[in-house]
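Participant:
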Amino acid sequence: MLTTAQSISLPECIRRLQPLLPDQAFAPCPRKLLYQAIHFLLIIGGYVVIRSTPDWRVWILCSLVVGHSIACTGFFAHELSHKTIVRNPRMLYMLEVLCWGLHLISPTVWRRVHNQTHHIYNNTHADPDRLFFKSEACTSIFWYSRIFHPNAESPRWNFVVFFHFLPYIFRNTIAAFYSNKTKPTLVPAKPAYTAGDRIRVGLELLAILFLQYGIFIFMGDSFARFFFASPIALLITSSIVMSYIFTNHLLNPLGKKSDPFVSTTSVVVYRIFDRLHLNFSYHTEHHLFPKMNSDYYPILSNLLTELYGDRYRRIDFGDAWNQLWKIQIYAADVNFQQDSHGSQVVEEGKIGSYTARP
341 MLTTAQSISL
351 PECIRRLQPL
361 LPDQAFAPCP
371 RKLLYQAIHF
381 LLIIGGYVVI
391 RSTPDWRVWI
401 LCSLVVGHSI
411 ACTGFFAHEL
421 SHKTIVRNPR
431 MLYMLEVLCW
441 GLHLISPTVW
451 RRVHNQTHHI
461 YNNTHADPDR
471 LFFKSEACTS
481 IFWYSRIFHP
491 NAESPRWNFV
501 VFFHFLPYIF
511 RNTIAAFYSN
521 KTKPTLVPAK
531 PAYTAGDRIR
541 VGLELLAILF
551 LQYGIFIFMG
561 DSFARFFFAS
571 PIALLITSSI
581 VMSYIFTNHL
591 LNPLGKKSDP
601 FVSTTSVVVY
611 RIFDRLHLNF
621 SYHTEHHLFP
631 KMNSDYYPIL
641 SNLLTELYGD
651 RYRRIDFGDA
661 WNQLWKIQIY
671 AADVNFQQDS
681 HGSQVVEEGK
691 IGSYTARP
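Okay, here's the thing in structure tokens:
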């Protein structure tokens, strides 16, 4: 090990790592459009089989295939939104509407919550994805966390934690329509939205409704078939996605500033899952270089192990999952400066105040 990550600043660490990576690691990778085309075909094929057969047992198998491919579509859209696949604005937006639409996510909400807030304030007080602080404790937050988060207060058999991606989408979408001085109680932090943002979110939600209605029509106006084609498939999608998100972030302490070495954990999964899921398990790598082609995360992982192994954390997925059930339901309060409202909102890189509303 040549040095420690503690001995140099994060920008200096990034400046040191980037020249050690191939130039193509930071170039667009449009060939991943073929990867996504395959998953679109699998999703459509699953819909065709559900529509064509009366056997509900076959519907379950198709839901598994469709749900997994929608999850893979999410991993693709995650990279897409960071402009690592295509950079043409119109093509980028159309693909985001389609891919995130399958997840019931407004692309505008995703960009504001994930790209422009979570990545800047990861595991700090202003991160929309963080745990709730002890000072925020109330009955609704307690039960929300106990039901949808793995922690010491939730029983290990609580499979509902796998479905958290759906309430997560719902709460952040609702928050977009609150004024920038307020937020829902069950949203830890929220980005600020302009009037134009809210109009785009509304139009994108209409597009999502039309997409879901189109699936319903394709299922022959059958609620039973639609139930397996979309709601059940989305629960499977959520289970896959949350398995990563929980292990990537909830094990890490909240702090005053974002540091990928402290606020993220990379997990070790079977290589086939890395191939299918675009190396999403390498999450510290992603937070260090959000615009990097995920194909090169293993190379970066080796560099981090060699140069910053004292701080770089990459552990077996099973160990990470077991540790989740030992964490406390609330995070310890971070000593950051508060205003009279005691809460924060992010607006174009700035933090302002808001009050929580149920």
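Residue numbers for the sequence shown follow the numbering used here, so the first one is 341 and each next one is one higher. Backbone N, C-alpha and C fix where the C-beta goes; we use that ideal spot for every residue, glycine too.
1) What's the C-alpha gap between S421 and D614?
2) Just to confirm the assignment: which complete beta strand (DSSP E) runs, minimum length 3, are found wholly within the stretch 498-556?
3) Do we get a CB-CB distance below 9 Å when we pair T522 with the residues of chain D?
4) DSSP three-state call for R654: helix, strand or coil?
5) If we ignore side chains and look at the alpha-carbon of each, how far apart do I481 and T534 end up?
6) Give a yes or no on whether the C-beta atoms belonging to F566 and I555 are separated by under 9 Å.
7) Can you check DSSP and say which residues form a bridge with V426?
8) Can you tell me the Cβ-Cβ gap for A529 and H465, rounded? I've got them flagged as a contact below 8 Å.
9) Any idea what DSSP makes of A672, helix, strand or coil?
10) Flag this pair as yes or no: are the beta carbons of M582 and F472 separated by less than 9 Å?
11) For V406, count neighbouring C-beta atoms within 10 Å of its own C-beta (all shown protein chains included) and say buried if the count is 16 or more, exposed if not.
12) Following the continuous beta strand (DSSP E) through S606, name the residue where it begins and the one where it ends.
13) Which residue marks the beginning of the alpha helix (DSSP H) containing P362, and which one marks its end?
14) Would you report the Cα separation of G536 and A367, rounded to the nearest angstrom?
15) Return helix, strand or coil for F568, following the three-state DSSP convention.
16) Thinking just about the alpha-carbon of each residue, which of T393, F416, S603, G441 is nearest to the one in D461?
17) In the structure shown, what three-state DSSP assignment does Q677 receive?
18) State the DSSP-derived secondary structure class of F488, mapped to helix, strand or coil.
19) So who's on the other strand from F473, going by DSSP bridges?
20) Can you have a look at G560 and say buried or exposed, based on whether 16 or more other CB atoms are within 10 angstroms of its CB?
21) Counting pairs of beta carbons, one from the stretch 484-499 and one from the stretch 544-553, are three or more of them closer than 8 Å?
22) Identify the continuous alpha helix (DSSP H) that holds P638 and give its terminal residues.
23) Taking buried to mean at least 16 other C-beta atoms within 10 Å of its own C-beta, is L618 buried or exposed?
24) I think N642 touches T424, with their Cβ atoms under 8 Å apart; what is that distance to the nearest whole Å?
25) What residues in its chain sit with their C-beta under 6 Å from that of Y584, if we drop five residues either side in the sequence?
26) Determine the burial state of I612: buried for a count of at least 16 other Cβ atoms within 10 Å of its Cβ, exposed for fewer.
27) What is the residue span of the alpha helix (DSSP H) that D614 lies within?
28) Report, in whole angstroms, the separation of the C-beta atoms of A660 and T624, which I expect to be a contact under 8 Å.
29) Evaluate Q677 with the Cβ neighbour count: other Cβ atoms within 10 Å of its Cβ, from every protein chain shown; 16 or more gives buried, anything less gives exposed.
30) Rounded to the nearest angstrom, what separates L591 and R430 at their Cα positions?
31) Just to check my reading of the structure: I669 and N491 have Cβ atoms closer than 8 Å, yes? What is that Cβ distance to the nearest angstrom?
32) Please state the DSSP three-state secondary structure of A367.
Facilitator: Walking through what the data contain:
1) In the sequence shown, the residue the question calls residue 421 occupies position 81. In the sequence shown, the residue the question calls residue 614 occupies position 274. Looking at the two C-alpha atoms, the distance is approximately 19 Å.
2) 522-524
3) No chain D is part of this structure, which consists of one protein chain only.
4) Position 314 of the sequence shown holds residue 654. Note: R654 maps to strand in three-state DSSP.
5) For this step, residue 481 is matched to residue 141 along the sequence shown. For this step, residue 534 is matched to residue 194 along the sequence shown. Roughly 27 Å separates the two Cα atoms.
6) To locate residue 566, count along the sequence shown from 1; it is residue 226. To locate residue 555, count along the sequence shown from 1; it is residue 215. Cβ atoms of F566 and I555: closer than 9 Å.
7) The count along the sequence shown starts at 1 and reaches residue 426 at position 86. According to DSSP, V426 bridges with nothing at all.
8) Working through the sequence shown from its first residue, we reach residue 529 at position 189. Working through the sequence shown from its first residue, we reach residue 465 at position 125. Sure, about 7 Å apart at Cβ, within 8 Å.
9) Counting from 1 along the sequence shown, the entry for residue 672 is found at position 332. Three-state DSSP puts A672 in coil, outside helix and strand.
10) As a first step, residue 582 must be located in the sequence shown, where it is residue number 242. As a first step, residue 472 must be located in the sequence shown, where it is residue number 132. In this structure, F472 does not lie closer than 9 Å to M582 by Cβ.
11) Residue numbering aside, residue 406 sits at position 66 when the sequence shown is read from its first letter. It is buried - the Cβ of V406 has at least 16 other Cβ atoms within 10 Å.
12) Here residue 606 refers to the residue found at position 266 of the sequence shown. Looking at the DSSP string, the run of the beta strand (DSSP E) that includes S606 is 606-608.
13) Mapped onto the sequence shown, residue 362 falls at position 22. Careful: P362 lies outside any alpha helix (DSSP H) and carries neither H nor E.
14) By 1-based counting over the sequence shown, the position of residue 536 is 196. By 1-based counting over the sequence shown, the position of residue 367 is 27. Approximately 31 Å, taken between the alpha carbons.
15) In the sequence shown, the residue the question calls residue 568 occupies position 228. Of the three classes helix, strand and coil, the one that applies to F568 here is helix, per DSSP.
16) Counting from 1 along the sequence shown, the entry for residue 461 is found at position 121. Just to set this straight, residue 461 is Tyr in the shown sequence, not Asp. It is S603.
17) Here residue 677 refers to the residue found at position 337 when the sequence shown is read from its first residue. Note that Q677 scores a pLDDT of 45, beneath 50, so its modelled location is shaky; the value from the coordinates is reported in the next line. Q677: coil per DSSP, three-state reduction.
18) Residue numbering aside, residue 488 sits at position 148 when the sequence shown is read from its first letter. Residue state, collapsed to three classes: helix.
19) Here residue 473 refers to the residue found at position 133 of the sequence shown. Beta-bridge pairing links F473 to A671.
20) The residue you call residue 560 lines up with position 220 of the sequence shown. Label assigned to G560: exposed.
21) no
22) On the sequence shown, residue 638 is found 298 positions in, with the first residue counted as 1. First-last of the alpha helix (DSSP H) with P638: 637-648.
23) For the purposes of this step, residue 618 is identified with residue 278 of the sequence shown, where counting begins at 1. Per the 10 Å Cβ criterion, buried.
24) The residue you call residue 642 lines up with position 302 of the sequence shown. The residue you call residue 424 lines up with position 84 of the sequence shown. Contact doesn't hold; Cβ gap of about 20 Å is too wide.
25) The residue you call residue 584 lines up with position 244 of the sequence shown. Cβ neighbours of Y584 beyond the five flanking positions: F620.
26) Position 272 of the sequence shown, counted from the first residue, corresponds to residue 612. I612 comes out exposed.
27) Against the sequence shown, residue 614 aligns to sequence position 274. Counting along the chain, the alpha helix (DSSP H) containing D614 begins and ends at 611-616.
28) In the sequence shown, residue 660 corresponds to position 320, counting from 1. In the sequence shown, residue 624 corresponds to position 284, counting from 1. About 13 Å separates the two Cβ atoms, so there is no contact after all.
29) Counted from its first residue, the sequence shown places residue 677 at position 337. Since pLDDT at Q677 reaches only 45, below the 50 mark, its modelled position is unreliable, and no value is offered.
30) Numbered from its first residue, the sequence shown carries residue 591 at position 251. Numbered from its first residue, the sequence shown carries residue 430 at position 90. Those two C-alpha atoms are separated by around 38 Å.
31) Along the sequence shown, one-based indexing puts residue 669 at 329. Along the sequence shown, one-based indexing puts residue 491 at 151. With a Cβ gap of about 5 Å, I669 and N491 count as contacting.
32) Along the sequence shown, one-based indexing puts residue 367 at 27. Looking at A367 - three-state DSSP - the assignment turns out to be coil, as it is neither helix nor strand.
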